[in-house]
Structures are given as structure tokens and as C-alpha cells.
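A quick write-up on the structure given underneath.
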Amino acid sequence: MKTVTKEAAAQTGPVLAEEDLAAINQFSRRALTAEEVYTFAVRLCDNQTDRDQEYFDRPALEKLAELFVGKTGIFDHSWSARDQTARIYRTELVEEPGLVTEAGEPGCCLKGYAYMLRTPENQALIAEIEGGIKKEVSVSCAVSRCQCSICGGDIHDRSLCSHEKGRIYEGKRCIVKLTEPTDAYEWSFVAVPAQPRAGVVKAFGGGTLRQMLASLDREGPWREELRLLEQQAETGRRYLESLRAETVRLGLMAEETLSGDTLRAITDKLDGEELEALRGCYAKRLEQQAALPVQLRYEDREPESRGDNAAFRI
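22 is the number of the first residue of the sequence shown in this note's numbering; add one for each residue after it.
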């Protein structure tokens, strides 16, 4: 299961209709009046490819429309009750005529309608929303699959998929489809969205790893350990990239009949140990091909021209 977070923009809504107030009162312990609540609309997520080369397909957005009704709004994905500020009371899927996604789907987005109480504590936040200061929001949810556009396998399962997001394979960019949502957790006001129009931050399990650890121990020693693990993971990723490039380079010299695209497709499916073995095989083959005779031959010369050099015949 994959947890994803999508970011978008908040918009102030129209005058509160009776059906909206009825939907809001489904979540309140007493009947609220229109004067007591402030409502606004948020663009939760869409089906466009984001900066992480990932996107929700339309069925996923339709399921998320159901899951996000009643979900609370907080700040910066800080999973604390004191940070609860608003709640989504209804959602809708909005068509975007003229827009076509990189995956070839008609453009659409998930729109949520949220409410908050008009209390003295909330007046500053309401003013910031109205003034466009608090605008971007990010939603956190869980999806079952992260499907590679090249091979159709789960991109996080290296036994099924060896492709990397954003890379070009035979003229086609690898992007990832987020499918089959299973849960929606929360939505947050954030400062910088990762997606041009919505935004996304992703992790496994119930929230990002940092969020889960912080909820248990906000300032614990895990932060330094996690930082070191992330550094090691990045070092390993760079090594594999270098190893793949070197293997392809040697393969192009050793296998004249293979193209660069074919060799890259082969190496993309190999792990580190397999890449090292293939690189060694190509290096040994090139070494054998480059071997030249070193003997010095004087036998075909006239005896008198050899002179004393005969003593150095090899």
C-alpha cells in the first residue's frame, strides 16, 4: 500500500446553500447556523502528471471523492488534534475541457468543499484564506498500486519493474499511475506544493515515514539515523546509475550488433550484482579482442643483416 499526498489551491466558496448547511451538520454535534460557519473550496488533486512523474487516474479520483468526505484539515501534515482547523463536507469531480493528460486521459480534478467555525481564534486564518495567503493544500491518502507506464508492473516492486520515473525508454517517458485508493487520511495547508496544480508527497503505510516517527517521538535520535539511511540510499542509487552507464558503454564496444537502447533496456532489468557480472564479462571480452602479438621476428632477414641481434631473438 502506498500513501500519497496531493497539493492544491483553496478558493472561497459561494453563499452557503441549505443543502450545504445540512451536509455540514452531519458532522456537528448540534445544528450550526450559516452565520457560524465559514466555507471555502479546495482543489484537492487532479489526473495531470506531477513533478514526481506520478498521477491519479480517473477511477482513483472518483474513489477519493468518496473517501475525503468528512476528513479533517490541518497544517503541514502534523497529525495532532490541536492542529485541526476545518473539515470537508462534500466533494465533486470537475471536468477540465480542452486538457489532456500525458497518459492520454481527459483532464479532471477533485474539488472539495470545507467548512470551519467563525471563532475569534480562526479569524486570522479566514483572513489569510480570503487574502490568498493560505492557498495551497495537500491531501494524504493510501493507494494500492503504483503502476509503471512502461511495463505495467508496480514500480516499487523491483522483481516486477526495473524502470525509473522520468527516464525515457525508446522515446517514451516513464510515469507512474496511482491506482485503487484504500483510505484518505487528512488534508493540510502547506507552503510549497510539489505538483504544479495539485502537488504530491508520498510514502508507504499510514502517512510518511517521517510523520509516523514524529508522532511517536518528535525530536528523537531517529532523525539522524533516517538522514544517514537516506544518504546511503542516494549513494547506492548513484552507484547503480554509474554502473549501468559503464556497462552500456562497454557493451557497445563489445557487442557491435546491439544498440544503445537495447543495452539500456537490458541493464535496467538487472540489480547491482548482475550488473557487475555483466560489466566484468564485457571488460574481459574487450581485453581479449585487444590482445596483439608482441614477438619480434628476425628469422626472415638475411643472416648477415641480423648481426649480433640474433642473440636477442625472442
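Every residue, glycine too, gets a C-beta built ideally from N, C-alpha and C.
Judged by beta-carbon spacing, isoleucine 109 lies within the 8 Å limit of tyrosine 134, meaning their Cβ atoms are closer than that value. Secondary structure of leucine 114 (DSSP, three-state): strand. Here the C-alpha atom of threonine 278 lies approximately 39 Å from the C-alpha atom of valine 121. The Cβ atoms of leucine 296 and leucine 250 do not sit closer than 8 Å to each other. Judged by DSSP in its simplified three-state form, lysine 84 adopts helix. Membership of glycine 187 in any beta strand (DSSP E) is not indicated, and neither H nor E is assigned to it by DSSP.
By the CB criterion at 8 Å, phenylalanine 61 and glycine 91 fall outside the cutoff. Boundaries cannot be given for aspartate 73, as no beta strand (DSSP E) includes it and DSSP labels it neither H nor E. Residue environment analysis places leucine 65 among the buried positions, since at least 16 neighbouring C-beta atoms fall within 10 angstroms of its C-beta. For lysine 290 and serine 180, the gap between their C-alpha atoms comes out near 9 Å. Between the C-alpha atoms of glutamate 40 and glycine 153 there is a straight-line separation of about 27 Å.
Judged by DSSP in its simplified three-state form, glutamine 144 adopts helix.
The criterion of a C-beta distance shorter than 8 Å is satisfied by leucine 284 and glycine 272. One alpha carbon belongs to serine 209, the other to arginine 300, and they sit about 48 Å apart.
Spanning the alpha carbons of lysine 186 and arginine 270 requires a straight line of approximately 22 Å. Annotated as proximal: alanine 275 and arginine 306, with beta-carbon spacing under 8 Å. In the DSSP assignment, tyrosine 134 is bridged to Ala62, Arg111. Beta-carbon to beta-carbon, cysteine 130 and glutamate 151 are separated by about 22 Å, too far to satisfy the 8 Å threshold.
Shown here, arginine 51 sits in coil according to DSSP, grouped into three states, outside any helix or strand. Counting other Cβ atoms within 10 Å of its Cβ, threonine 288 reaches 16 or more and is therefore classed as buried. Inclusion of alanine 163 and leucine 85 in the CB contact set at 8 Å is not warranted, their separation being larger than that value. If you draw a straight line from the Cα of alanine 266 to the Cα of leucine 138, it comes to about 57 Å.
For glutamate 207, DSSP records a beta bridge to Ser161. For isoleucine 287, the enclosing alpha helix (DSSP H) starts and ends at 281-288. Straight across, the Cα-Cα distance linking alanine 38 with glutamine 105 is about 24 Å. The C-alpha of proline 202 is placed about 6 Å away from the C-alpha of alanine 81.
Shortest Cα-Cα distance from cysteine 195 to any of Gln310, Phe89, Gly173 involves Gly173.
Between threonine 54 and phenylalanine 89, the C-beta spacing is not below 8 Å.
Only residues of its own chain outside the window of five on either side were considered, and among them Tyr76, Phe77, Asp78, Arg79, Leu82, Thr122, Glu126, Gly128, Cys129 have a CB closer than 7 Å to the CB of asparagine 68, listed in chain order. Looking at the DSSP output, leucine 199 bridges to Phe77, Cys167.
Counted as a single uninterrupted DSSP element, the alpha helix (DSSP H) harbouring glycine 301 occupies residues 293-311. Proline 127 has Val121 as its beta-bridge partners, per DSSP.
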